[in-house]
Structures are given as structure tokens and as C-alpha cells.
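All residue numbers for the sequence shown refer to the UniProt record's numbering, where the first residue is 1 and numbers rise by one. Glycine included, C-beta positions come from ideal geometry on N, C-alpha and C. Since we're looking at a predicted model, the values are computed, not measured. All remarks here apply to the structure that follows.
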Amino acid sequence: MPPSPPPLQLVAGCSLLLLSLLLRSATAAEYTVGDGPWDTGTNYATWSDKHVFLAGDILVFQYVKSQHNVLQVTEATYRSCDTGGGGDAGVLKSYDTGYDRVQLTEPNATYWFICDFPGHCLGGMKLVVKVSAAPGGGSPPPSGVPLNPLAGGGAGRTQWPAWGLTLAVLLVVFHYCIIIF
1 MPPSPPPLQL VAGCSLLLLS LLLRSATAAE YTVGDGPWDT GTNYATWSDK
51 HVFLAGDILV FQYVKSQHNV LQVTEATYRS CDTGGGGDAG VLKSYDTGYD
101 RVQLTEPNAT YWFICDFPGH CLGGMKLVVK VSAAPGGGSP PPSGVPLNPL
151 AGGGAGRTQW PAWGLTLAVL LVVFHYCIII F
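Shown next, in the form of C-alpha cells:
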């Protein structure tokens with residue numbers, strides 16, 4: 001005798017749990033800073049202005065670690081490009097792996113990043129990121145900002161993979177419903 005399928009309640013409950021996890025993960029976006037390597041040849045103000053960042057999003061800094069670094073700093077340090085001669089004045093976090101992932105955890109916050117190699121910050125290798133409120137709350141994105149950051153060349157907040165997985169889950173539930181009834 002073949003094994004009986006799991007009860008409908010179990011299948012439906014597992015499907016709903018999986019669906020909620022998929023939809024939650026679909027709202028976070030991952031952005032490669034500058035749409036390429038973290039270097040002195042990119043206008044980071046222009047790049048940042050093209051995107052709407054939300055709490056939970058991730059910035060990816062890719063660079064040659066012997067030539068650059070990433071420091072998360074205070075606004076004053078961002079403006080002056082002066083980290084106090086190595087005394088870490090105004091430095092909140094330091095990254096130097098060459099592939100750094102920084103999660104933006106606070107809604108309605110501003111994050112400041114610089115490269116501390118000599119002359120790089122003063123040469124424009126710095127980034128300010130303003131994090132908006134979560135979707136459905138706060139103010140709408142500024143006009144002219146694409147709702148799909150993929151249009152700007154970076155990774156974005158697309159939900160197509162989540163919808164595909166959602167459809168697959170629903171098909172599995174439908175399949176079990178047919179078997180049971």
C-alpha cells in the first residue's frame with residue numbers, strides 16, 4: 001500500500017510559512033556600490049541618488065584590498081575626510097576584505113562611507129546613503145527615481161523570483177489537494 005499523503009492542514013501550513021519567508025526575503029535588495037568596483041573613478045553621489053534604499057538592504061563594496069578600504073564614519077568625518085591620523089576619530093566601522101557586505105539596518109537613517117587611503121576621500125571616493133522607511137510606510141520615493149533599481153544597472157528589489165517560487169508552492173499544494181480528494 002502506498003504511503004498516504006500528508007494531511008491538507010500540514011501542507012497548507014507549511015506552504016503558508018514558506019510563502020511568508022519568501023515574500024519577506026524578496027523585499028531586501030542587494031546593491032553593488034557604484035555598479036562596479038569601489039574606486040576613485042565613480043561619482044557615488046549620482047549613483048546613490050538613483051536608488052531608494054530601505055532598511056534591510058545590503059551594500060556590496062568590491063575593491064582591491066591593497067588599494068582601498070571602506071570606513072563607515074560620522075557625518076563630520078565624511079565631510080572633512082579626516083579620520084584623525086589613524087586614531088579612529090569618527091570611524092564607526094572599518095572594512096578591508098575587498099568584498100564587504102554592509103546591511104542597512106536602520107530606517108530613516110543616513111550612512112556615510114569613505115575610503116581612507118591617502119587622497120581617495122578628498123578625490124571623491126565617498127558615499128552617503130539615505131535609508132527610507134519600509135515599504136508601505138514613510139514618504140514615497142523622489143520623482144525620477146526608478147522603482148526598479150535594475151533599471152539603474154545594480155541589483156534591485158525585484159520580486160519575480162519570489163513570485164515564481166510562490167507559484168511553485170501553490171502548485172504543490174494544489175497537487176496534494178487533488179491527491180487527497
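Query                                                                                                                      : Result
Whole-number beta carbon distance between Asp116 and Thr83, since they are thought to touch under 8 Å                      : 6 Å
C-alpha gap between residue 183 and Gly34, whole angstroms                                                                 : Missing from the structure shown is residue 183; the chain here goes from 1 to 181 and no further.
Residue ranges of each beta strand (DSSP E) within the segment 88 to 132, 3 or longer                                      : 91 to 95, 99 to 103, 110 to 114, 126 to 132
Cut-off 6 Å between Cβ atoms - residues of its own chain near Phe113, not counting five sequence neighbours on either side : Val70, Gln72, Leu127
Expected contact under 8 Å - CB spacing of Val131 and Tyr111 to nearest Å                                                  : 7 Å
CB contact flag (Asn108, Ala76, <7 Å)                                                                                      : no
Backbone secondary structure at Val60 - three-state DSSP                                                                   : strand
C-beta atoms of Tyr95 and Leu59 nearer than 7 Å                                                                            : no
Proximity winner among Leu104, His120, Met125, Gly124, relative to residue 218 (alpha-carbon distances)                    : With the chain covering only 1 through 181, there is no way to say anything about residue 218.
Other residues of its chain near Glu106: CB distance less than 8 Å, five sequence neighbours each side excluded            : Ala55, Val131
Opening and closing residue of the beta strand (DSSP E) in which Thr32 lies                                                : 30 to 32
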